[in-house]
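I have placed the structure first, in the form of structure tokens, so that the comments after it can refer back to it.
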Amino acid sequence: MKLRFSCLVQRVSFAVAGAMFAGASFFASANAATVDLPQYGFAIEALDGTPSTTSATTALMTFLPPSDGFAPNINVNIQPYPGDIGSYAAMSKGQFASKQWVVVSEKQVGGNEWVIEYSGSIPQSGSLHFYARAIAKAGKVYLVTATAKETQWGAVSAVLRKHVDSFQVK
1 MKLRFSCLVQ
11 RVSFAVAGAM
21 FAGASFFASA
31 NAATVDLPQY
41 GFAIEALDGT
51 PSTTSATTAL
61 MTFLPPSDGF
71 APNINVNIQP
81 YPGDIGSYAA
91 MSKGQFASKQ
101 WVVVSEKQVG
111 GNEWVIEYSG
121 SIPQSGSLHF
131 YARAIAKAGK
141 VYLVTATAKE
151 TQWGAVSAVL
161 RKHVDSFQVK
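To convert, note that position 112 of the sequence shown is 112 in my numbering; the numbers rise steadily by one, no gaps.
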């Protein structure tokens, strides 16, 4: 059976998304993290890449099935950032304002976490809705962001929020 690469990528993406949304266990080995997906019958080692000390690194992306031309998703981004979470929030809100994005709600949690919900338009995707947590630790910000079209948000927001809120920095 010949499998197209795009089909394989889609299947792997759905498998990873399914693992995240089903609470799959992640465990560390000596040299690499292994993602164990017993419900799909396989495990795979993550790439051994170390997050950059000078630019953002996307560590994980997961997707829900697409609808309306867009796959709602969650991504985990690790950004070098020497400041505190308050200055990170201020910088981010300045970027949102420059794009004419709207902050729906925000709150600071403790001294190192900022939770924000916002919306805005991107030319190639249209009107999007975002829910994010930014956690500052050891000179980095771990940014976990859920994204869906505004037209999808009502249907997928609960599951996206649940999984963004489950994120933990080790």
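For every residue, glycine included, the Cβ atom is placed at its ideal position computed from N, Cα and C.
Remember, it's a predicted structure, so these values are computed and weren't measured experimentally.
Supposed contact pair residue j and residue i - C-beta distance, whole angstroms, cut 8 Å
| i | j | result |
| --- | --- | --- |
| G120 | V102 | 7 Å |
| A56 | L64 | With 8 Å as the limit, A56 and L64 do not qualify as a contact, their Cβ atoms being about 23 Å apart. |
| A158 | L143 | Not confirmed; about 21 Å, so no contact. |
Inter-residue Cα distance where the pair is residue i and residue j
| i | j | result |
| --- | --- | --- |
| R161 | A43 | 26 Å |
| F26 | K93 | Note that F26 scores a pLDDT of 37, beneath 50, so its modelled location is shaky and nothing firm can be said. |
| V156 | S166 | 16 Å |
| S105 | K149 | 18 Å |
| L47 | Y88 | 28 Å |
| P51 | T151 | 34 Å |
| W153 | H129 | 7 Å |
| A146 | T58 | 13 Å |
Among the options, nearest to residue i - alpha-carbon criterion
| i | options | result |
| --- | --- | --- |
| V164 | I74, Q100, T54 | I74 |
| A33 | G49, V115, Q39 | G49 |
| K170 | A136, T145, T147 | A136 |
| Q124 | G69, V109, A146 | G69 |
Bridge partner(s) assigned by DSSP for residue i
| i | result |
| --- | --- |
| D178 | The structure shown does not extend to residue 178, since the chain spans only 1 to 170, so no value can be given for it. |
| F130 | Y118, T147 |
| T62 | I74 |
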